[in-house]
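A.B. asks: Positions -1 to 452 (this note's numbering) are the ones given, in order, by the sequence shown.
Every residue gets a Cβ at the ideal spot worked out from N, C-alpha and C, and that includes glycine.
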Amino acid sequence: MGFLLADDPVDSLDAWLATDVGGLGVARAQELGPEATIALVEAAGLRGRGGAGFPTGRKWAGIAAQRDAVRYVVANGAEGEPGTFKDRALMRANPYQIVEGVIIASFALGAREAFICVKERFERERAGLVRAVQEMQAAGICADCRLTVVAGPDEYLFGEEKAMLEVIEGNDPLPRWLPPYIHGLYAGEPQLGWQAHTGGSGANPTLVNNVETLSNVPHIVARGAEWFRGRGTAQSPGTVVATVVGDVRAPGVAEVELGTSLRAVIHQVGGGMRPGRTVKAVFPGVANPVVTAGDLDVPVSYEGFEAIGSGIGSAGFIVYDDGTCMVDAAYRFSRFLSIESCGQCPPCKLGSSAITEHLERIELGSGTADDLQAIVGWLARVTDGNRCFLGVEEQQLVTSVLRAFESEFLEHLAAGRCPRPRRLPIPKLLDLDAGTATYDERFWHKRPDWSYGA
Ligand SMILES: Cc1cc2nc3c(=O)[nH]c(=O)nc-3n(C[C@H](O)[C@H](O)[C@H](O)COP(=O)(O)O)c2cc1C
Ligand code: SF4
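Set out below in structure tokens:
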């Protein structure tokens, strides 16, 4: 059923060219020309797999329509969100289809240069990508394209597209103000307010796509839009590479058809719940509201999750069972976001840190109704004037847990202790293989200034 995650890893250019897609995507794009290639991606209905589900063809068309002569393409393989391992699974399984997707995107947009960004820590995945680029250049598949694999920092914000451009330019992962299609790579400073305009070249509109999004591209271009629409739903065509971790039997990552129910995904990808346990809550990463046990039959599709007031994000599902304390879950996710917040926007760093402190007090049993009120107050302001979406993630996640599990907060206040004590791990994944997930335990020692304690 799947086509992105091959059963046997594609670990040489010969193996990729031996498939019925390898090399044919680029050849077909060259036959069609840039405009028709973009139209084909639009017709296929591919949506971005980096979290927001933005239509990929529309994004490409918007950048191609800008008059600026200098354009860039960036493949986002930073994968820093807890509960997600699908990009590394794709890089391990087949780096060639990613590189071919990047080459097609660069051709369609007339890009000067392309960058594939991964964390420095992803050594194995990085080596595979570097080899794939070298082999494809040597074979003449991208003989004249400039393509660089960039090794970035461990921070969650590295994956944010405006921060990613800063990293490519040699800076820290701090999001700039304007999106990449307005303020692209190596562009002159845009005129903002009264700040002196340093002038410089144009906007250099830059395309940022997730590596899973780009992995779909050679298949679509080689096989056509109708073929792609043969799977999934009308609004969410294709497949998605889902990660399932947490209180499941065998944490895993696998390709599923979009529209499959969340219940089935938990079963197919994570092996179902541990004996005697039931699902209490599912977090689609840290960027969307929590899904509760009553909604497990929701289809894993953009419109399905929207209908229940959530979002599939990057299809990384963190499953918690009936023994979980939801105040503790809210506290730990809030802590992750507050630590990773860069502080360029005071409401985001101050608000998420304050919310985290109040949640901790409630969880530890010393909280009062004032703590709850303070949380609600900060939730209304934590997004004020923000440069990026992280503050909204904090707002959406904590608000959703407060709404769905209010009684657990009141229980903590009344009892003066946690009724379900159990140390919940933050599933920031270092590895996921053969049913075993390895979490980054060091994260618990990360401080708000991004240094590490003992
Ligand atoms: C805090 C934060 C972290 C993000 N991390 C990632 C990431 O690791 N990988 C990714 O593809 N997108 C990430 N995104 C989304 C990107 O900014 C961007 O929307 C995405 O790469 C676009 O690709 P797509 O259109 O193919 O989905 C993040 C966004 C935010 C706000
Ligand atoms: S919203 Fe938060 S994480 Fe994003 S730039 Fe502002 S302070 Fe940094």
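Compute every distance between the C-beta of residue 332 and the non-hydrogen atoms of ligand 2, then say whether any falls below 8 Å.
C.D. replies: Between ligand 2 and residue 332, a heavy atom-to-CB distance of less than 8 Å is absent.
A.B. asks: Does the Cβ of residue 170 lie closer than 8 Å to at least one heavy atom of ligand 1?
C.D. replies: no
A.B. asks: In the DSSP assignment, what residue or residues form a beta bridge with residue 74?
C.D. replies: 115 and 208
A.B. asks: Do the CB positions of residue 303 and residue 309 come within less than 9 Å of each other?
C.D. replies: yes
A.B. asks: Scan the region 146 to 175 and note each continuous alpha helix (DSSP H) run of 4 residues or more that stays entirely inside, going in chain order.
C.D. replies: 159 to 166
A.B. asks: When DSSP labels each residue in this structure, what does residue 353 get in the three-state scheme?
C.D. replies: DSSP places residue 353 in the helix class (H, G or I) of the three-state scheme.
A.B. asks: Tell me the rounded alpha-carbon separation between residue 1 and residue 301.
C.D. replies: 23 Å
A.B. asks: Whole beta strand (DSSP E) runs in the region 36 to 60 with 3 or more residues, listed along the chain?
C.D. replies: none
A.B. asks: Hey, is the region 38 to 53 in contact with the region 176 to 192, meaning 3+ C-beta pairs nearer than 8 Å?
C.D. replies: no
A.B. asks: Locate the alpha helix (DSSP H) running through residue 244, then write down its first and last residues.
C.D. replies: Careful: residue 244 lies outside any alpha helix (DSSP H), inside the beta strand (DSSP E) at 237 to 244.
A.B. asks: Mind checking which residues open and close the beta strand (DSSP E) that includes residue 310?
C.D. replies: Bounds of any beta strand (DSSP E) do not take in residue 310, whose DSSP letter is neither H nor E.
A.B. asks: Give a single yes or no on whether residue 514 has its beta carbon closer than 8 Å to a heavy atom of ligand 1.
C.D. replies: Here the chain has residues from -1 to 452 only, and residue 514 is not among them.
A.B. asks: Hey, is the region 327 to 338 in contact with the region 421 to 439, meaning 3+ C-beta pairs nearer than 8 Å?
C.D. replies: yes
A.B. asks: Hey, is the region 101 to 115 in contact with the region 145 to 157, meaning 3+ C-beta pairs nearer than 8 Å?
C.D. replies: yes
A.B. asks: Would you report the Cα separation of residue 326 and residue 233, rounded to the nearest angstrom?
C.D. replies: 35 Å
A.B. asks: Excluding sequence positions up to five away, which residues of its chain have a Cβ less than 8 Å from the Cβ of residue 126?
C.D. replies: 9, 89, 90 and 93
A.B. asks: Skipping 5 residues on each side, what residues in its chain have a beta carbon closer than 7 Å to that of residue 435?
C.D. replies: 243, 249, 425 and 427
A.B. asks: Which of helix, strand or coil does DSSP assign to residue 383?
C.D. replies: The answer is coil: DSSP assigns residue 383 none of H, G, I, E or B.
A.B. asks: In the region 360 to 408, which residue ranges form an unbroken beta strand (DSSP E) of at least 3 residues, counting only runs that do not cross its ends?
C.D. replies: Fully enclosed beta strand (DSSP E) runs of 3 or longer: not present.
A.B. asks: Take every Cβ of the region 68 to 81, pair it with every Cβ of the region 261 to 277, and state whether three or more of those distances are shorter than 8 Å.
C.D. replies: no
A.B. asks: Pick out whichever of 11, 15 and 245 has its Cα sitting closest to the Cα of residue 129.
C.D. replies: Of the candidates 11, 15 and 245, the one whose C-alpha sits nearest the C-alpha of residue 129 is 11.
A.B. asks: With DSSP as the reference, label residue 426 as helix, strand or coil.
C.D. replies: In the structure shown, residue 426 falls within a coil segment according to DSSP collapsed to helix, strand and coil.
A.B. asks: Are three or more beta carbon pairs between the region 203 to 215 and the region 47 to 60 nearer than 8 Å?
C.D. replies: Flag = yes, the region 203 to 215 and the region 47 to 60 touch.
A.B. asks: For residue 55 and residue 323, what's the separation of their Cα atoms in angstroms?
C.D. replies: Just so you know, the alpha carbons of residue 55 and residue 323 end up roughly 42 Å apart.
A.B. asks: Should residue 394 be labelled buried (16 or more other beta-carbon atoms within 10 Å of its own) or exposed?
C.D. replies: buried
A.B. asks: Could you tell me how far apart the beta carbons of residue 69 and residue 203 are, in whole angstroms, since I believe they sit closer than 8 Å?
C.D. replies: Correct: roughly 5 Å between the Cβ atoms.
A.B. asks: Between which residues of its own chain and residue 66 is the CB-CB distance below 7 Å, once the five residues before and five after are set aside?
C.D. replies: 200, 201, 202 and 203
A.B. asks: Tell me where the beta strand (DSSP E) around residue 437 begins and ends.
C.D. replies: 434 to 437
A.B. asks: If we ignore side chains and look at the alpha-carbon of each, how far apart do residue 339 and residue 164 end up?
C.D. replies: Going from the Cα of residue 339 to the Cα of residue 164 covers about 16 Å.
A.B. asks: Where does residue 318 fall in DSSP's three states?
C.D. replies: strand
A.B. asks: In this structure, does DSSP put residue 230 in helix, strand or coil?
C.D. replies: strand
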